[in-house]
Every structure is written in C-alpha cells, then in structure tokens.
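S.K.: Under this note's numbering, residues 50 to 232 are what the sequence shown spells out, in order. Virtual Cβ for every residue (Gly too), placed ideally from N, Cα, C. Here the structure is a predicted model, which is why all the values come from computation and not from measurement.
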Amino acid sequence: MKTGSPADSVTFLKKGKIILYPTEAVYGLGCNPFNEYAVKKIYKIKKRSMNKKMIVIGSKLEHFKNLIDLEKLKEKVLKSWPGHKTWLIPAKKSCPDWLYDVDTGLIAIRCSNHKIVKNICDNYKSPIISTSANLSGDKITNSYNEIINSIGSNIDFIVNGDIGNETKPSIIEIMNTGEIIRK
C-alpha cells in the first residue's frame, strides 16, 4: 500500500485501483466511476448491496457532463456547490447503470470544495467515487488506524491530507422534490 499526494493518486485511478482519501468530514474510498470493475470492488470491500448507490464527487460542474444534464440543474443546486451537499439528480441515459438507481433514475452527485478532493479530481480531470471508508452498516470512523485494520488490505493508495471541518457526512437531497434523504 503506497501513500502520496493527490496528484500521485491519478496513476492508481487510471489503473482501476482503490484509493483512500480525506473528504470534508470522513475518509473516503474512491475509484474511477467509469470502471465497473473498480466500482464493484468497492462494493465488495464494504460488503455493501449494489442497490445502495454511491456518490460521484468532483470539483467542477464539467466533471459531471457525462452523467447529468448540466442545463437542467436547479438554482438551489448551483448555489450549494461547490460545497458539502450531495444531490440526487436525474442521470443521463448514457450514464453507466452501476452509478445510478435504475428504479428512480437518480444519481448522487457532489461538487466538493475540499482541497484534497479538488486536487484529486482536477489532476484526474474526472469525478471519482466517494463513499465512507468503513464496512456497510458499521459506524463511520475517522481513525486512520481503525480503517487500515478493517479494510486496509484492500486499499491500493492512500492520499495524504487532512479531513475537513465538517462533523457529519453530506446532506443528501432530491433535486426535483426537495426531499431530504440524509441529514
């Protein structure tokens, strides 16, 4: 398991590898969202149902152009980004089905202002998967040692850096209805 800068993580993301990185509130597991094998590997690591979709995180709107129709974003979404808010937005028909809920047609998207996330996505020129670095159903921990002891053998690269100042994972809201899914 190697460690390094956000820029160093790009090599691993391009190869379909799994990275551990700090986000606004927690350590996250990430990979190339367009690599189905890598995304499924994160589901396996977390022991998470494929029906429970993960967040796609980026640093600028253009990162999401292949996933959602940027022209249809509501003002409330644009005002909240970049920031610590995740929106459930209708996915484009061309969006890979492992990234969105096929029953609702919605994909979870966040445009982050966290410096490490921004650095990763800016260097990669793409969004990445973002999900807490814990087994599904387990309490989220920000203890680096607990994460390494629990799932460290499945992580290919660790991005050095600090977690942001948020105390909880992002709020998740459905763009078209305003329904809050996670507070």
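Which one of 55, 139, 50 has the shortest CA to CA distance from residue 225?
M.R.: When each option's Cα is compared against that of residue 225, the closest is 139.
S.K.: Could you check the C-alpha separation between residue 127 and residue 230 for me, to the nearest Å?
M.R.: Approximately 19 Å between the Cα atoms of the pair.
S.K.: Three Cβ pairs or more, each shorter than 8 Å: is that satisfied between the region 180-189 and the region 62-81?
M.R.: Yes: at least three Cβ pairs fall under 8 Å.
S.K.: So residue 170 is in the alpha helix (DSSP H); what residue range does that whole segment cover?
M.R.: Start and end: 164-173.
S.K.: DSSP puts residue 245 in a beta bridge; with which residues?
M.R.: Given a span of 50 to 232 for the chain in the structure shown, any question on residue 245 remains unanswerable.
S.K.: Have a look at residue 114 and residue 163 and give me their C-alpha separation to the nearest angstrom.
M.R.: Computed Cα separation, rounded: 20 Å.
S.K.: For residue 103, tell me which candidate among 218, 179, 214, 215 has the shortest Cα-Cα distance.
M.R.: For residue 103, the nearest C-alpha among the options comes from 179.
S.K.: CA-CA distance, residue 134 and residue 57?
M.R.: Using only the alpha carbons, I get a separation of about 27 Å.
S.K.: Does DSSP put residue 128 in a helix, in a strand, or in coil?
M.R.: Three-state DSSP puts residue 128 in a helix.
S.K.: Can you list, in chain order, the residues of its chain with a C-beta nearer than 7 Å to that of residue 112? Leave out the 5 residues immediately preceding and following it.
M.R.: So the qualifying residues of the chain are 170, 175, 176.
S.K.: Roughly how many angstroms lie between the CA atoms of residue 54 and residue 168, to the nearest whole one?
M.R.: Their Cα atoms are separated by approximately 9 Å.
S.K.: Count the other CB atoms, across all protein chains shown, that sit within 10 Å of the CB of residue 185; report buried if there are 16 or more and exposed otherwise.
M.R.: That one is exposed.
S.K.: What's the gap between the Cα of residue 165 and the Cα of residue 142?
M.R.: Cα-Cα distance, rounded: 30 Å.
S.K.: When the Cα atoms are used, what is the spatial distance from residue 156 to residue 131?
M.R.: Going by the C-alpha atoms only, they are around 17 Å apart.
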